[in-house]
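Visitor:
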Amino acid sequence: FQEEISFWFATGGAGFCLSRALAKRMSPVASGGKFTDLCDSIQLPDDVTMGYIAGHLLGRNLTVIPQFHSHFETMRFMDMKNPHPEITFSYVRYADDSLNVLEIDGFSEEEDPTRFRSLHCLLFPNFSFCSKSKR
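Numbering follows the numbering used here, with no gaps: position 6 of the sequence shown is 1019.
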């Protein structure tokens, strides 16, 4: 018998935060190798298992924070005029070699295929290597 359940999961690619209180509550089922064992037993990846533990086992729903950006989002549509309120960005290279990356001025695509060096220089322009980016 398989029970159908629903819960939010923590997209690892975007990152996630856990409160200390929740992490302590998760410890009995997730510490000392138990987390990996649980992932294997429920046949879910680690980020989904985090949501399973919090939401299903402990009854604590994860909070969606729109400033965490996963590779599941289309990065080129992100507003890069003011990236400061955002917490994380992501990227992915698909099987066909196409990229889902930020559309941002800076280094050439050959020098910076992920666009993260260019993002770094947008956020922290005083680093010495940032003067080498085309602006």
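Just so it is clear, CB atoms sit at the ideal spot from N, CA and C, and this is done for glycine as well. Bear in mind that the values here come from a model prediction, so they are computed numbers and not experimental data.
The alpha helix (DSSP H) with LYS1037 in it runs from where to where?
Guide: Taken as a continuous stretch (DSSP letters only), the alpha helix (DSSP H) holding LYS1037 covers 1033-1043.
Visitor: With DSSP collapsed to three states, give me the class of PHE1081.
Guide: PHE1081 falls in the strand class under three-state DSSP.
Visitor: Let me see if you follow: with CB-CB separation under 7 Å, is TYR1107 close to chain B or not?
Guide: Reference to chain B is not applicable here, since this structure consists of a single protein chain.
Visitor: First and last residue of the alpha helix (DSSP H) that includes PHE1137?
Guide: That residue, PHE1137, is in no alpha helix (DSSP H); it is neither H nor E in DSSP.
Visitor: Would you mind sorting ARG1128 into buried or exposed? The rule is 16 or more other CB atoms within 10 Å of its CB.
Guide: ARG1128 comes out buried.
Visitor: Given that a residue counts as buried once 16 or more other Cβ atoms are within 10 Å of its Cβ, and exposed if not, what is VAL1114?
Guide: With 16 or more other Cβ atoms within 10 Å, it is buried.
Visitor: When you compare each of LEU1135, GLY1025, LEU1075 and HIS1097 to SER1019 by their alpha carbons, which one comes out closest?
Guide: Ranking LEU1135, GLY1025, LEU1075 and HIS1097 by Cα distance to SER1019 puts LEU1075 first.
Visitor: Express the C-alpha separation of LYS1094 and PHE1137 in angstroms, rounding to a whole number.
Guide: Approximately 14 Å between the Cα atoms of the pair.
Visitor: Going by beta-carbon coordinates alone, are SER1131 and GLY1119 separated by less than 7 Å?
Guide: Closer than 7 Å, so yes.
Visitor: Between which two residues does the alpha helix (DSSP H) holding ASP1050 run?
Guide: Start and end: 1047-1055.
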